[in-house]
Amino acid sequence: MIFFEECKNSPKPNLKIHTHLFYANHLGEPGGYKSSEKLNIDAAWEKWHELHQKGWTEVYYHYG
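Counting from 6, one number per residue, gives the positions in the sequence shown under the working numbering.
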């Protein structure tokens, strides 16, 4: 499971995105933290596109 989050301190011309990767249990629920990465907006979009091509789907959920 991967979570994309806009960096709150990131200036608009140079927007950064945090990606948080979690292990998932057999129900698809977060089972534990694995890693995080900070990407620029283009790299984050490319990562999402690659995951979508591999069959990953978006789940809408409001965190926080």
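Beta carbons are placed, not taken as given, at the ideal position from N, Cα and C, and that holds for glycine. Since the model is a prediction, treat every value here as computed from it, not as a measurement.
If I'm right that residue i touches residue j with Cβ under 8 Å, what's the distance once you round it to whole angstroms?
| i | j | result |
| --- | --- | --- |
| His31 | Phe8 | Contact doesn't hold; Cβ gap of about 19 Å is too wide. |
Just to confirm, are residue i and residue j a CB contact at a threshold of 8 Å?
| i | j | result |
| --- | --- | --- |
| Lys3 | Leu44 | Nothing about residue 3 can be reported from this structure: the residues present for the chain run from 6 to 69 only. |
| His23 | Ser41 | yes |
| Pro16 | Phe27 | no |
Just tell me which of the options has its CA closest to the CA of residue i.
| i | options | result |
| --- | --- | --- |
| Lys39 | Ala48, Ile46, Ala29 and Gly33 | Ala29 |
| Phe10 | Lys59, Ala49 and Thr62 | The amino acid occupying residue 10 in the given sequence is Glu; Phe does not appear at that position. Nearest of Lys59, Ala49 and Thr62 to Glu10, Cα basis: Ala49. |
| Thr62 | Asp47, Gly33 and Pro18 | Gly33 |
- Taking the runs of the alpha helix (DSSP H) that are 4 residues or longer, which of them lie wholly in the region 8-38? none
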